[in-house]
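Numbering (our numbering), first residue to last: 224 to 447. The block underneath contains the structure these notes are about, expressed in structure tokens.
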């Protein structure tokens, strides 16, 4: 009789110890969820992360509700199943949540790079538009139609270029920026008669910039 009481006490002690351990693990589980979500900045594509987290929380709730009823009927069996389900739940959450977090942060970084490149292209377009306005205000603007047309082509080419970027075109993009800066200096910083005199050379230079932009866009298209 004493042996049976001792055995029952040991089983009860084991049960409560295991249950406390599970509660502690659940706290870690939800702490990890909070940590994961706070590390994901601007989740513009939240579906993968919320799907993984939602699945983990759903399995957790199923395990809790099922175990609430089974604990009182089949103590040892229900506890073992509870442990198994919880471990699977934790594994799914840690692996799925971790990969989802990495995916979202990578996507966010890529979007930030694209956004910066969009701003870079806009600045280049603005620089070309400044040149166009300068030329349109010159006294001899009627004699600079070829230059104005070339500048408009360059503006449109930059405006409708692919905003994405990559390491493969970083050098080309730096060349384009340098060429635009040089073009600004050759037109805006020059006297009107010099612009008129060098119109053909400037148009040739603009064509070389157009070719460089085409090269950049072609490289981007080939790596997609």
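Here a beta-carbon is modelled for each residue, glycine too, at the ideal position from N, C-alpha and C.
Contacting residues, own chain, Cβ-Cβ under 8 Å from residue i (five flanking each side not counted)
i, result
"residue 407", "350, 353, 354"
"residue 395", "435, 438, 439, 442"
"residue 428", "402, 405, 406, 409"
"residue 357", "410, 411"
"residue 430", "373"
"residue 367", "358, 361, 418, 419, 422"
"residue 344", "381, 382, 384, 386"
"residue 413", "421"
"residue 199", "Nothing can be reported for residue 199, as the shown portion of the chain is limited to 224 through 447."
Residue range of the alpha helix (DSSP H) that includes residue i
i, result
"residue 437", "422–446"
"residue 372", "368–382"
"residue 406", "393–410"
Where residue i sits in the DSSP three-state scheme
i, result
"residue 387", "coil"
"residue 314", "helix"
"residue 364", "helix"
"residue 414", "coil"
"residue 340", "helix"
"residue 268", "Interpretation of residue 268 is limited by its pLDDT of 46, a score under 50 that renders its predicted location unreliable; the figure taken from the coordinates is listed afterwards. Coil at residue 268, not helix or strand."
Residues near residue i by beta carbon distance below 7 Å, same chain, minus five either side
i, result
"residue 415", "361, 362, 363"
"residue 385", "440, 443"
"residue 375", "355"
"residue 377", "351, 429, 432, 433"
Presumed contact (8 Å Cβ cut-off) between residue i and residue j, rounded CB distance
i, j, result
"residue 422", "residue 369", "6 Å"
"residue 432", "residue 399", "7 Å"
"residue 359", "residue 426", "Not a contact, Cβ separation roughly 16 Å."
"residue 387", "residue 340", "7 Å"
"residue 311", "residue 348", "With 8 Å as the limit, residue 311 and residue 348 do not qualify as a contact, their Cβ atoms being about 54 Å apart."
Distance cut-off 7 Å: residue i Cβ against heavy atoms of the ligand ZN
i, result
"residue 405", "Absence of the ligand ZN is noted for the structure shown, with no ligands found whatsoever."
Residue-chain proximity (residue i, chain B), Cβ-Cβ < 8 Å
i, result
"residue 342", "In the structure shown, chain B cannot be found, because there is only a single protein chain."
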